[in-house]
RNA sequence: GGAGAGAUGGCCGAGUUGGGUCGAAGGCGCUCGAUUGCUAAUCGAGUGUACCCUUUAAAGGGGUACCAAGGGUUCAAAUCCCUUUCUCUCCGCCA
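Residue numbers (our numbering): 13 to 433.
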């Protein structure tokens, strides 16, 4: 959420930034509501001041035994007026608020302007793309023939886009999770195991609600949502609090399953593990002082990509353009891993700086030595999407006979197994 | 799931019987100052958040709201009534 005062005072700037996302927004209505709001507040607060003064006086009169029926009658109408103004105010405020909640973050100046993913800017490539002396298969073929993933029975148990990891498949997935967690913990991140179901306030804090409700699995009976990423519970840990600025930067890492409805992507990535309703992810989250959040983003992106380096998986980093940027993000680097089976790069991590957009929504504040209160910047990135890392290993480490070599760093997590066969 | 108790400022804890001068006693903590070889102790002052108005570089000043959340009664609610949430105790069930 943007600061209303900031929007009002910098309306042209905010308008142009919002336009570069290709987002329509009724700024005139917003300004009108703000004018209304201030007008009502001025009126109603003056009346309340008057009422408070009189009520105080009434207390004294009553002790003195004076008749207060006339004052009571008069003040009743004042209170009625206050009531109706309060109602008006809350209407205006709730409309204003719901508008603000659907206004996307201001994109950072360094973000290239563009319409869609084709305008994203590649800024780095790492690793050598292997030259196979056979035609590399897509991971779903490898996985099925090795018997380590069962897509059909997964769909039987739940529905399409759910699958079963089996035997060394499950083992490899678990090895990846532990390898990633251990690596990040060694880099100073604190491990978190959060709730996997959260309430709507928490979902609103990070920006999933109100705009993207159709993307979430919801437990109606209990008014709880399954998390689409650990970002949601972990970022909100300090929601509605004022933390001591000396603990910044807060660095957290969390492995969780993630749940996404994937509404609107029915035809896409129907095969394989790329787009599942349930998948595992290790997420890294930071709360940073605003002054160095951009440096923290660079470090966070390094921390995420270091996993791919250690696994020996080729990747590139792209900077998302304005039109491709997520709703809450000010700047995002996508890390894309090379998939020889599909002959393309696919997103495996998304590292973003949300600046004060989420902290303002979630009311995460910090207080420095001089007692100044400010909104810390929030950042996060996948470190990494485990399912996609799994399939990247299958495709990059496949051999002509259909077996898959286990990357060196994972072997100690797999009882020394060198090849999945 | 059944029965009962509770929720007050960073923390502890009064106030709720009998509504009024209560942003809220007292203590602890913290900050600043004094004293002091250092530390400790002692003494003094200060110490919530959000928003509105004013002034504005900032500070300052004036005001409104907030005693779990929402609603109601009343001239007036921390205090009375209703609903919800959460916590604790006992019973039942359970990984």
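Don't be surprised by glycine CBs; every beta carbon is placed ideally from N, CA and C.
Computed from a prediction, not measured in an experiment: that's the story for all the values here.
- The shortest C-alpha to C-alpha distance from residue 121 to any of 136, 341, 99 is the one to 341.
- Cα atoms of residue 303 and residue 260: separation of roughly 11 Å, rounded to the nearest angstrom.
- Proximity to residue 131 across 367, 369, 59, 336 peaks at 336, based on C-alpha coordinates.
- Residue pairing from DSSP places residue 236 in a beta bridge opposite 231.
- Boundaries of the beta strand (DSSP E) around residue 346: 343-351.
- Here DSSP, grouped into helix, strand and coil, assigns residue 151 to helix.
- DSSP lists 379 as the bridge partner or partners of residue 256.
- The count of Cβ pairs closer than 8 Å, one atom from the stretch 216-223 and one from the stretch 263-280, stays below three, leaving the stretches out of contact.
- In this structure, the straight-line span from the alpha carbon of residue 368 to that of residue 352 is close to 39 Å.
- The stretch 394-414 and the stretch 349-365 touch, with no fewer than 3 CB-CB distances between them shorter than 8 Å.
- DSSP lists 134, 346 as the beta-bridge partner residues of residue 330.
- The beta carbon of residue 361 is closer than 6 Å to those of 316, 347, 393, 394, 396 in its chain, skipping five residues each way along the sequence.
- Between the stretch 268-288 and the stretch 369-383, the count of C-beta pairs closer than 8 Å stays below three; the two stretches do not touch.
- Comparing alpha-carbon positions, the option among 210, 375, 72, 32 lying closest to residue 332 turns out to be 32.
- Of 330, 257, 27, 238, the smallest CA-CA separation from residue 117 is found for 27.
- When the Cα atoms are used, residue 257 and residue 249 turn out to be separated by approximately 15 Å.
- Judged by their CB atoms, residue 235 and residue 272 are not nearer to each other than the 9 Å cut-off.
- If the five residues before and after residue 104 are omitted, its C-beta is found closer than 7 Å to the C-beta atoms of 45, 48, 49, 52, all from its own chain and listed in chain order.
- Pairwise C-beta distances place the stretch 138-158 out of contact with the stretch 74-83, as fewer than three of them are shorter than 8 Å.
- Taken through DSSP and simplified to helix, strand or coil, residue 115 comes out as coil.
- Annotation: the stretch 269-313 contains the following complete segments of the beta strand (DSSP E) (minimum length 3 residues), in chain order: 290-300.
- In terms of CA proximity to residue 152, 175 leads the group 175, 146, 112, 111.
- Between residue 323 and residue 422, the CB-CB gap stays under 9 Å.
- Per the coordinates, the alpha-carbon of residue 407 lies some 11 Å from the alpha-carbon of residue 356.
- By the neighbour-count criterion, in which 16 or more other beta carbons inside 10 Å mark a residue as buried, residue 344 falls on the buried side.
- Counting only residues of its own chain and dropping the five nearest sequence neighbours on each side, residue 128 has a CB closer than 8 Å to the CB of 333, 335, 336.
- Residue pairing by DSSP leaves residue 87 without any beta bridge partner.
- The shortest C-alpha to C-alpha distance from residue 318 to any of 60, 168, 193 is the one to 193.
- The stretch 179-194 makes contact with the stretch 157-164; the number of CB pairs closer than 8 Å reaches 3 or more.
- Residue pairing by DSSP places residue 410 opposite 416 in a beta bridge.
- The C-beta separation of residue 388 from residue 299 comes to about 5 Å, placing the pair in contact by the 8 Å criterion.
- The distance from the Cβ of residue 292 to that of residue 326 is about 22 Å, inconsistent with a contact at the 8 Å cut-off.
- For the pair residue 238 and residue 224, the CB atoms are not nearer than the 9 Å cut-off.
- In this structure, the alpha-carbon of residue 63 lies about 44 Å from that of residue 366.
- Straight through space, the alpha carbons of residue 314 and residue 196 are spaced by roughly 11 Å.
- Secondary structure of residue 93 (DSSP, three-state): helix.
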